[in-house]
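Adding 5 to a residue's 1-based position in the sequence shown gives its number in this note's numbering.
Report on one structure; see the data block that follows.
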Amino acid sequence: MAAITALTVGGCAGAGSFGSGGEDTVTIAIVSNSQMQDAISLSDKFEAENPGIKLKFVSLSENEARAKITASVATGGGEFDVVMISNFETPQWAENGWLVNLSDYARETPNYDEQDFIPSLRKSLSYDGDLYSVPFYGESSFLMYRKDLFEQAGLTMPAQPTWEEVAGFAAKLDDPDADMSGICLRGKPGWGEVLAPLDTVINAFGGRWFDENWNAQLDSPEVRRAVQFYVDTVREHGEPGAATSGFSECATQLAQGNTAMWYDATSAVSVLEDPAESTVVGKIGYAPAPAMAKADNGWLYSWSLAIPKTSQNPDAAWKFVSWMTSKDYIRTVGEELGWSRVPPGSRLSTYEIPEYKEASAAFGPPTLAAMAAADPEKPTVQPVPYTGIQFLTIPEFQDLGTRVSQQISSAVAGRTSVDDALKQAQKYAEVVGKTYQEEQ
């Protein structure tokens with residue numbers, strides 16, 4: 006435990022020293038995605054409005070943030086006053102007593118309106134009916150494709166594509182000589198990287214991680230077909246260096262015109278539709294997550310803000326949290342940085358702002374539809390003992406998912422076969438399954 010805590014502090018030292026501020030210092034551990042960088046760039050407005058509070062940001066990559074934030078909160082390290090987590094951690098950490106109840110604060114904050122949060126997200130960030138983190142942005146997943154390339158090739162994207170159709174499109178549009186891949190799919194290790202899209206493919210093909218009695222199913226025919234399909238598709242028609250590609254790398258590929266399709270998070274629109282970052286603004290079409298044995302396969306996810314129980318400045322921390330997740334903040338981003346950069350998928354009222362409705366005409370309705378259809382309580386065709394779509398809401402999944410993702414990434418890289426990868430993944434899952442079987 007001490008080693009983990011030392012790693013957490015040492016690994017973040019370059020971003021700011023912890024515990025060096027007074028009562029007015031709020032230290033925030035944040036993921037370094039583009040929307041979060043926008044929040045940092047606008048934070049001087051918060052400090053101007055709250056002269057007694059100094060903000061200190063620790064900006065980390067997604068995998069690094071998960072590891073360091075988890076280690077800090079789990080050990081009661083107290084390095085952070087605000088942490089960026091998701092709907093995976095929130096209900097589990099709330100049950101453990103690690104987080105401050107934010108509904109208590111929200112109800113006392115004028116015009117904050119927690120009921121304005123998209124219902125599926127609000128539910129996923131709650132424990133015993135109260136919010137323990139609040140969404141900065143929310144997302145599902147959909148298929149993004151170049152409308153102009155489809156038209157030039159005489160192709161039509163169906164209203165509800167199947168994965169087999171998508172693979173066919175990828176084959177026809179793949180043109181390595183022109184630096185154009187048919188599709189971009191994550192292959193980077195990490196339970197929040199390659200497993201995010203892959204798990205929805207497994208669900209679509211009728212697979213599941215465990216049966217209702219916690220028997221591991223990663224070597225089942227359904228899972229094998231799904232994983233083989235994913236690996237074959239990205240190896241044959243995907244982006245160069247797929248085994249090291251995550252969300253950011255695929256976003257760059259599509260934004261710079263180097264791939265014809267990308268299946269990933271709905272929040273990607275903040276990059277794709279921003280003229281400052283994208284060369285394909287207005288050329289992207291948006292289709293639902295592809296179907297197979299199961300439809301409505303879009304995931305449900307939120308990067309949200311929480312306050313650890315160990316925070317020395319919870320009141321000041323809430324002032325910042327409520328600022329960054331408020332209706333006013335959303336309007337500030339739109340007016341100062343551009344409406345395409347508004348954090349999507351958090352508040353219903355965002356989609357009623359006239360300027361945002363116009364800017365999001367192509368992607369706003371598909372985003373809301375995908376988030377409404379996502380059902381973490383019924384993620385699979387066959388019954389399962391867990392909840393969650395692109396992850397399993399059990400504490401062991403951080404380690405289990407990471408280990409399995411490494412096997413899958415190795416198959417994407419061509420270092421191992423899908424059969425061998427799943428054989429090892431099955432062993433990992435069996436260990437976890439047995440612990441739950443023993444509790445029954």
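For each residue, glycine too, the CB sits at the ideal point set by N, CA and C.
*Give a yes or no on contact between the segment 407 to 418 and the segment 164 to 181, applying the rule of three or more CB pairs nearer than 8 Å.*
Proximity of the segment 407 to 418 to the segment 164 to 181 falls short of the contact definition, fewer than three beta-carbon pairs being nearer than 8 Å.
*What residues are listed by DSSP as bridge partners for residue 110?*
Answer is none; residue 110 lacks a bridge partner.
*How many angstroms separate the CA atom of residue 329 from the CA atom of residue 147?*
Taking C-alpha positions only, residue 329 is separated from residue 147 by approximately 26 Å.
*Please go through the same chain and pick out, in chain order, the residues whose beta-carbon is closer than 8 Å to the beta-carbon of residue 341, but skip the five residues on each side of it.*
If the five residues before and after residue 341 are omitted, its C-beta is found closer than 8 Å to the C-beta atoms of 47, all from its own chain and listed in chain order.
*Do residue 298 and residue 386 have their C-beta atoms closer together than 8 Å?*
Cβ atoms of residue 298 and residue 386: closer than 8 Å.
_For residue 140, the three-state DSSP class (helix, strand or coil)_ = Here residue 140 sits in strand by DSSP.
*asked:* Let me make sure I understand the geometry here. Which of 439, 416, 440 has the alpha-carbon closest to that of residue 429?
replied: For the set 439, 416, 440, the Cα lying nearest the Cα of residue 429 is the one of 416.
*Looking at C-beta atoms only, is the number of pairs between the segment 246 to 265 and the segment 343 to 350 that lie closer than 8 Å three or more?*
No, because fewer than three Cβ pairs between the segment 246 to 265 and the segment 343 to 350 fall closer than 8 Å, the two stretches do not touch.
*Buried or exposed: where does residue 412 fall if 16 or more other Cβ atoms within 10 Å of its Cβ makes it buried?*
The residue in question, residue 412, is buried, as its Cβ has 16 or more Cβ neighbours within 10 Å.
*Can you tell which of 89, 107, 131, 277 has the C-alpha that lies nearest to the C-alpha of residue 320?*
It is 107.
*Own chain residues within Cβ distance below 8 Å of residue 427, not counting five before or after*: Closer than 8 Å at the Cβ level, and outside the excluded window around residue 427, lie 223, 224, 228, 229, 232, 412.
_Nonlocal neighbours in the same chain, by C-beta distance under 6 Å from residue 442, ignoring five residues either side_ = For residue 442, the CB contacts under 6 Å within the same chain, skipping 5 residues up- and downstream, are 219 in chain order.
_Going by DSSP in three states, residue 349 sits in which element: helix, strand or coil?_
Coil at residue 349, not helix or strand.
*residue 130 lies in the alpha helix (DSSP H); which residues open and close that run?*
It is not in any alpha helix (DSSP H) - residue 130 carries neither H nor E in the DSSP assignment.
*DSSP three-state call for residue 27: helix, strand or coil?*
Confidence at residue 27 is low in this model, with a pLDDT of 46, below 50, so its placement is unreliable and no value can be given for it.
*Using DSSP with H/G/I as helix, E/B as strand and the rest coil, what is residue 399?*
Here DSSP, grouped into helix, strand and coil, assigns residue 399 to coil.
*Can you list, in chain order, the residues of its chain whose CB lies under 8 Å from that of residue 132, leaving out five sequence neighbours each side?*
Correct list, in chain order: 95, 96, 99, 100.
*Mind listing, in chain order, the continuous alpha helix (DSSP H) runs of no fewer than 4 residues lying wholly within the segment 174 to 203?*
Runs of the alpha helix (DSSP H) inside the segment 174 to 203: none found.
*Looking at the structure shown, is residue 214 part of a helix, part of a strand, or coil, going by DSSP?*
In the three-state reduction of the DSSP assignment, residue 214 falls in the coil class, being assigned neither a helical nor a strand state.
*asked:* According to DSSP, simplified to helix, strand and coil, what is residue 87?
replied: Secondary structure of residue 87 (DSSP, three-state): strand.
*Is it right to say residue 333 is buried, meaning 16 or more other beta carbons lie within 10 angstroms of its own, or is it exposed?*
That one is exposed.
*asked:* Does the contact criterion of 3 or more C-beta pairs under 8 Å hold for the segment 376 to 393 versus the segment 205 to 219?
replied: Result yes; three or more Cβ-Cβ pairs closer than 8 Å.
*Quick one: grab the DSSP three-state call for residue 324.*
In the three-state DSSP reduction, residue 324 falls in the helix class (H, G or I).
*Please confirm whether residue 85 and residue 313 have their CB atoms less than 8 Å apart.*
Taking 8 Å as the Cβ cut-off, residue 85 and residue 313 qualify as a contacting pair.
*C-beta contact flag for residue 191 and residue 255 at 8 Å*: Cβ atoms of residue 191 and residue 255: closer than 8 Å.
*In three-state DSSP terms, what is residue 427?*
Under the three-state reduction of DSSP output, residue 427 falls in the helix class.
_What does DSSP give as the partner residue(s) for residue 292 in the beta ladder?_
Paired residue(s): 148.
*If you follow the alpha helix (DSSP H) that residue 50 is part of, which residue opens it and which one closes it?*
Counting along the chain, the alpha helix (DSSP H) containing residue 50 begins and ends at 39 to 54.
*Go through its chain and collect everything with a Cβ distance to residue 168's Cβ below 7 Å, but skip five positions before and after it.*
The residues are 206, 209, 234, 295, 297.
*Rounded straight-line distance, which links the Cα of residue 88 to that of residue 49*: Each residue's alpha carbon lies about 19 Å from the other.
*Is it true that the CB of residue 189 sits closer than 8 Å to the CB of residue 250?*
Between residue 250 and residue 189, the C-beta gap is smaller than 8 Å, which places the two residues in contact.
_Three-pair Cβ contact test at 8 Å for the segment 274 to 290 versus the segment 70 to 86_ = Contact between the segment 274 to 290 and the segment 70 to 86 is absent, because fewer than three Cβ pairs lie under 8 Å.
*Output yes or no for whether 8 Å exceeds the beta carbon distance between residue 200 and residue 395.*
Taking 8 Å as the Cβ cut-off, residue 200 and residue 395 qualify as a contacting pair.
_Expected contact under 8 Å - CB spacing of residue 347 and residue 361 to nearest Å_ = Contact holds; Cβ gap of about 6 Å.
*asked:* Please return the same chain residues whose Cβ sits closer than 8 Å to the Cβ of residue 163, not counting the five positions on each side in sequence.
replied: Within the same chain, residue 163 has close Cβ partners 170, 292.
*Residues in its own chain within less than 6 Å of residue 322 by CB, not counting five upstream and five downstream?*
Closer than 6 Å at the Cβ level, and outside the excluded window around residue 322, lie 31, 86, 87, 312, 316.
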